[in-house]
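Report on one structure; see the data block that follows.
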Amino acid sequence: MIVFDKLWITMKQKEVSSYRLRESCGIDSKTIRRLKANENIETKTLNKLCIALNCKLEDIAEFIDDM
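Under our numbering, think of the first position of the sequence shown as 21, with each following residue one higher.
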């Protein structure tokens, strides 16, 4: 399972709000909700997040083996 717990930590460290992601990065509120619920996200969204936060994928997402 992919979880986005690190996203919220990275956003806090970089002082980027959900509002800023929506307004300046083109990430809609449904996508923010999906991220909070650790639901499926398109790779283009991950790309937008990495660009907006100037970070690597491992700074926003993590694989957790749930088996």
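We treat Cβ as the ideally placed atom computed from N, Cα and C, and that holds for glycine.
So the candidates are the options; which of them puts its Cα closest to the Cα of residue i?
i: I84; options: I47, R53, N58; result: N58
i: I52; options: K32, D86, W28, N74; result: W28
i: L41; options: M87, D86, I71; result: I71
Just how far apart, CA to CA, sit residue i and residue j?
i: L66; j: L77; result: 7 Å
i: R54; j: N60; result: 7 Å
i: K68; j: F24; result: 14 Å
Bridge partners of residue i, per DSSP?
i: I22; result: F83
Using 8 Å as the threshold, is the C-beta distance between residue i and residue j below it?
i: D79; j: K26; result: yes
May I ask you to report which of helix, strand or coil DSSP gives residue i?
i: K76; result: coil
i: K50; result: helix
i: I61; result: coil
Say yes only if the C-beta of residue i is nearer than 7 Å to one or more non-hydrogen atoms of the ligand MN, and no if none qualify.
i: L73; result: Absence of the ligand MN from the depicted structure is noted, as is the absence of any ligand whatsoever, leaving it without description.
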